[in-house]
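Colleague:
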Ligand SMILES: Nc1ncnc2c1ncn2[C@@H]1O[C@H](COP(=O)(O)OP(=O)(O)OP(=O)(O)O)[C@@H](O)[C@H]1O
Ligand SMILES: [Mg+2]
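Protein chains in written order, with this note's numbering: chain A, -1 to 257; chain B, 183 to 469.
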């Protein structure tokens, strides 16, 4: 069962290059994510989504405020809060298989989970590229490989930073279903950044809407629909209209959403 | 086609009295032609053979046929080739002597520089300073240490090893430090996220990502080592390829001098090719 995450008054200021002062990437973010919940974060480019995930992961320190995970203050990164990075982070000197193996060995799960590697490879549709190096893969293949490398490691909290951003719509929908299945199977807490309104509605129980400069929480929306969800249902459309309205800059969002 | 041209050149009348060695050159040409025929598909080999034919033709013309160059200094190809074959045993001994010294100094230098560079680049804030220092020290041509080496060390061999060591140590050290310091942050972040320990991060992440720069340092060290070693052998050795060249040019035996010059070229090229292959294999993950 996943851990709860408390985000209490988190702000992040990046020091600027000159005296003008830095960039306020996050300004007093507050949110409580329940244990085992699936939450999406929606917001325009540059509103601090990645920054927030990195702080939750413990990779960066907040300028002020605190992150709690399972009631404990987050100070350092920990394999129990695994992060799928926005950019591809496969180690170029390891094959796809070795990348997954490395993740499992690093978290001491290799013995019990080595037989699952084949399943992860097939989930990512990369069986025939298992022994290829990352530079031999396409951008989308790398993203899938990055994703399964992180998912292969069982952790209480999974943080996903636009994990399906580089994929075509069909692959994307297939993997969305896999994410739902995995989440329900493991009951881990999932926090996913996305630019895709439909994806947020399809996957998550709640959507955190963020606004940019400075990054703030604009609203938090409940999506009380049962799983598996129907992308064509009336409720679904209702949520979609609602979110696009709330975002005001609906036009930009629609552009993003057709990636 | 050039093979035929070469044969024709050999039919031209000799200007020098009796180049009775043309036979060897023709055999070599035949072997080259055979290689070209066998490796029909590899353009590089073909081009190389082409170049060598051109060289042989010009060389033959310039020496035995037209005698444009001074006969005393420049022997015709067949004669050089024959000397190669006659001196075969000696040459092998000299090659091993030279390569032995290189290997000795080189291996010691790598064994010292890589771990030290990893340690400095990874664990200390002093990385930048250390890079500057090792850049400065690697910019000093190690040949200037020879007087100290001679004063401090008992034998020619130990001086050579020391010079090769110094020629390799600094570039490899600065390459390693730079490679470690410029490990991409995202890979370190993944390692931290996975809870990798210091050692695991060092050996599985930092070291592989630093390898390209380490190899650059190694290659720089290797080429400087060869230059230094052959020069040093020409001055003070009893053995080695540089010694061979110097000894026979002192004796006025320019056929053997040419043998030595070609030998050095061939040996160094082969070593580079082998090292290059190895590195390419190790770095096969690079785009
Ligand atoms: N390491 C950094 N140093 C300085 N500024 C940074 C750094 N990382 C992020 N920022 C700034 O913080 C702001 C938020 O960046 P962040 O990467 O979190 O945005 P994002 O919401 O993830 O955007 P996108 O959707 O494009 O990925 C940006 O203005 C960016 O310039
Ligand atoms: Mg981002």
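Idealized CB from N, CA, C, for every residue including glycine. For clarity, every value in this text was computed on a predicted model and none was experimentally measured.
(1) Report yes if the C-beta of residue 371/B is less than 7 Å from at least one heavy atom of ligand 2; otherwise report no.
(2) Cβ of residue 316/B within 8 Å of Cβ of residue 342/B?
(3) With distances taken between CB atoms, is the gap from residue 41/A to residue 212/A smaller than 8 Å?
(4) Would you mind working out which of 176/A, 35/A, 107/A sits nearest residue 376/B, comparing C-alpha positions?
(5) Return the residues of the stretch 391 to 404 of chain B that lie within a Cβ-Cβ distance of less than 9 Å from chain C, sorted by chain order.
(6) What is the rounded straight-line gap between the Cα of residue 438/B and the Cα of residue 351/B?
(7) Which residues in chain A sit within 8 Å of residue 265/B, going by Cβ to Cβ distance?
(8) Could you check which residue in 163/A, 62/A, 70/A, 77/A has the C-alpha nearest to that of residue 139/A?
(9) Of all the options 363/B, 284/B, 372/B, which has the alpha carbon lying nearest to the alpha carbon of residue 74/A?
(10) Grab me the residues of residue 125/A's own chain with a C-beta within less than 8 Å of its C-beta, minus the 5 sequence neighbours each way, in chain order.
(11) Below 7 Å, is the gap between the Cβ of residue 23/A and the nearest heavy atom of ligand 1?
(12) Specify, as a first and last residue, the run of the beta strand (DSSP E) that residue 39/A falls within.
(13) Nearest to residue 85/A by CA position, among 35/A, 168/A, 52/A, 28/A, is which residue?
(14) Relative to ligand 1, is the shortest distance from any of its heavy atoms to the C-beta of residue 12/A smaller than 7 Å?
(15) Within 8 Å (strictly less), CB to CB, does residue 77/A reach chain B?
(16) Hey, which residues come within less than 6 Å of ligand 2, measuring from Cβ to any heavy atom, in chain order?
(17) Taking 8 Å as the CB-CB cut-off, is residue 114/A touching chain B?
(18) Answer yes or no: does any C-beta atom of chain A fall closer than 8 Å to that of residue 462/B?
(19) Does chain B have any CB closer than 8 Å to the CB of residue 55/A?
(20) In whole angstroms, what separates the C-alpha of residue 37/A from that of residue 20/A?
(21) Measure the CB-CB distance between residue 87/A and residue 369/B and report whether it falls below 8 Å.
(22) Within its chain, find whatever has a CB closer than 8 Å to the CB of residue 248/A; leave out the 5 residues flanking it on each side and keep chain order.
(23) Are the C-beta of residue 83/A and some C-beta of chain B separated by less than 8 Å?
(24) By the 8 Å beta-carbon criterion, what residues does the stretch 96 to 109 of chain A contribute toward chain B?
(25) State the DSSP-derived secondary structure class of residue 175/A, mapped to helix, strand or coil.
(26) Is it right to say residue 182/A is buried, meaning 16 or more other beta carbons lie within 10 angstroms of its own, or is it exposed?
(27) Kindly indicate which three-state DSSP category residue 49/A falls into: helix, strand or coil?
(28) Let me check you understand the geometry: is the CB of residue 38/A closer than 7 Å to at least one non-hydrogen atom of ligand 3?
(29) CB-CB under 6 Å to residue 469/B, same chain, minus the five flanking residues each way: which ones, in chain order?
(30) Is the CB of residue 372/B under 8 Å away from at least one CB in chain A?
(31) Cβ closer than 8 Å: which chain A residues qualify as neighbours of residue 360/B?
Modeller: On the basis of the coordinates in this document:
(1) On the second chain, residue 371/B is found 189 positions in, with the first residue counted as 1. Answer for residue 371/B: no, Cβ out of range of ligand 2.
(2) Within the second chain, the letter at position 134 stands for residue 316/B. Within the second chain, the letter at position 160 stands for residue 342/B. Taking 8 Å as the Cβ cut-off, residue 316/B and residue 342/B do not qualify as a contacting pair.
(3) Along the first chain, one-based indexing puts residue 41/A at 43. Along the first chain, one-based indexing puts residue 212/A at 214. Contact: no.
(4) On the second chain, position 194 is the one that residue 376/B refers to. Closest by alpha carbon: 107/A.
(5) Considering every chain present, this structure includes no chain C. Its protein chains are A and B.
(6) For this step, residue 438/B is matched to residue 256 along the second chain. For this step, residue 351/B is matched to residue 169 along the second chain. Looking at the two C-alpha atoms, the distance is approximately 34 Å.
(7) Counting from 1 along the second chain, the entry for residue 265/B is found at position 83. Here the premise fails: no neighbours, minimum Cβ distance about 47 Å.
(8) One-based indexing of the first chain puts residue 139/A at position 141. That would be 163/A, whose Cα lies nearest to the Cα of residue 139/A.
(9) Here residue 74/A refers to the residue found at position 76 of the first chain. The candidate whose alpha carbon is nearest that of residue 74/A is 372/B.
(10) In the first chain, residue 125/A corresponds to position 127, counting from 1. Counting only Cβ-Cβ distances below 8 Å, and skipping sequence neighbours, we find 116, 119.
(11) Position 25 of the first chain, counted from the start, is the residue given in the question as residue 23/A. Yes, since a heavy atom of ligand 1 falls inside the 7 Å radius drawn around the Cβ of residue 23/A.
(12) Residue 39/A sits at position 41 when you count from the first residue of the first chain. Start and end: 36 to 40.
(13) In the first chain, residue 85/A corresponds to position 87, counting from 1. Among 35/A, 168/A, 52/A, 28/A, the Cα nearest to that of residue 85/A is on 52/A.
(14) On the first chain, position 14 is the one that residue 12/A refers to. The answer is yes for residue 12/A.
(15) Stepping through the first chain from its first residue, residue 77/A is reached at position 79. Yes - at least one Cβ of chain B is within 8 Å of the one on residue 77/A.
(16) 47/A, 48/A, 84/A, 159/A
(17) As a first step, residue 114/A is located in the first chain; it is residue number 116 there, counting from the start. Output row for residue 114/A: interface = no.
(18) Locating residue 462/B in the second chain gives position 280, counting from the first residue. No, because no Cβ of chain A sits closer than 8 Å to the Cβ of residue 462/B.
(19) Along the first chain, one-based indexing puts residue 55/A at 57. With 8 Å as the cut-off, residue 55/A counts as an interface residue toward chain B.
(20) As a first step, residue 37/A is located in the first chain; it is residue number 39 there, counting from the start. As a first step, residue 20/A is located in the first chain; it is residue number 22 there, counting from the start. Roughly 29 Å between the two C-alpha positions.
(21) Along the first chain, read from residue 1 onward, the residue named residue 87/A stands at position 89. Along the second chain, read from residue 1 onward, the residue named residue 369/B stands at position 187. Cβ atoms of residue 87/A and residue 369/B: closer than 8 Å.
(22) Residue numbering aside, residue 248/A sits at position 250 when the first chain is read from its first letter. Below a pLDDT of 50, predicted positions are generally treated as unreliable, and residue 248/A, at 49, falls in that range; no measurement from the model is reported.
(23) Stepping through the first chain from its first residue, residue 83/A is reached at position 85. Output row for residue 83/A: interface = yes.
(24) 100, 101, 104, 105
(25) Residue mapping note: residue 175/A aligns to position 177 of the first chain, counting from 1. Helix.
(26) Your numbering for residue 182/A matches position 184 in the first chain. The residue in question, residue 182/A, is exposed, as its Cβ has fewer than 16 Cβ neighbours within 10 Å.
(27) Indexing the first chain from 1 puts residue 49/A at position 51. Three-state DSSP puts residue 49/A in a helix.
(28) Of the ligands this structure carries, namely ligand 1 and ligand 2, none is ligand 3.
(29) The sequence position of residue 469/B within the second chain is 287, counting from 1. Answer for residue 469/B: no residue qualifies.
(30) Your numbering for residue 372/B matches position 190 in the second chain. True, the Cβ-Cβ gap to chain A drops below 8 Å.
(31) Looking up residue 360/B in the second chain gives position 178. Near residue 360/B there are no residues of chain A at all, since even the closest Cβ is about 18 Å away, more than 8 Å.
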